[in-house]
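**Student:**
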Amino acid sequence: LVHVIISGDHRQALGIVASVRSIFQASKNPNRIFVHVIVEPFLNEKMKKTLKCALKENEKFQVYSFDLKTYAPELQIRIPERENKLYLSSELNFARFYLRAILSKKRTN
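Residue numbers (this note's numbering): 47 to 155.
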């Protein structure tokens, strides 16, 4: 089994769905792939429903919520005033540092 992890916030939601579909479609053996999607808490249920609609029944995925305040309440994200790359300010950029804790949560999908 090959595990793939994708994270993104509400601004990247459409891209996440397209990426997950592409992963399964490009695979020679999609039954060997399991995709873990990490999103903001308010997007969790909507992402589950959207992926169920976009994917085939045998394509396996799990959606997880990530709230940085839960894992690192003391961490603050600062954006330089003239920064044009707002996607770098997303809390989901920090999810990779907490993968063990996020993925160890009970599966609800």
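Backbone N, C-alpha and C fix where the C-beta goes; we use that ideal spot for every residue, glycine too.
Among the residues of its own chain, which have a CB less than 6 angstroms from the CB of Ser-53, if the five just before and after it don't count?
**Tutor:** Closer than 6 angstroms at the Cβ level, and outside the excluded window around Ser-53, lie Ile-84, Leu-138, Ala-141.
**Student:** Helix, strand or coil for Lys-115? Go by DSSP, reduced to three states.
**Tutor:** Here Lys-115 sits in helix by DSSP.
**Student:** So what does Ser-53 bridge to, in DSSP terms?
**Tutor:** Partner(s): Ile-84.
**Student:** What is the rounded straight-line gap between the Cα of Tyr-144 and the Cα of Phe-88?
**Tutor:** Approximately 19 angstroms between the Cα atoms of the pair.
**Student:** With burial defined as no fewer than 16 other Cβ atoms inside 10 Å of the residue's Cβ, what is the status of Asn-155: buried or exposed?
**Tutor:** In this prediction, Asn-155 scores a pLDDT of 46, lower than 50, which makes its location untrustworthy; the coordinate-derived value is nonetheless stated afterwards. With fewer than 16 other Cβ atoms within 10 Å, it is exposed.
**Student:** Put Thr-154 into one of helix, strand or coil per three-state DSSP.
**Tutor:** Confidence is the limiting factor: at Thr-154 the pLDDT is only 47, short of 50, which leaves the residue's position unreliable and the question unanswerable from this model.
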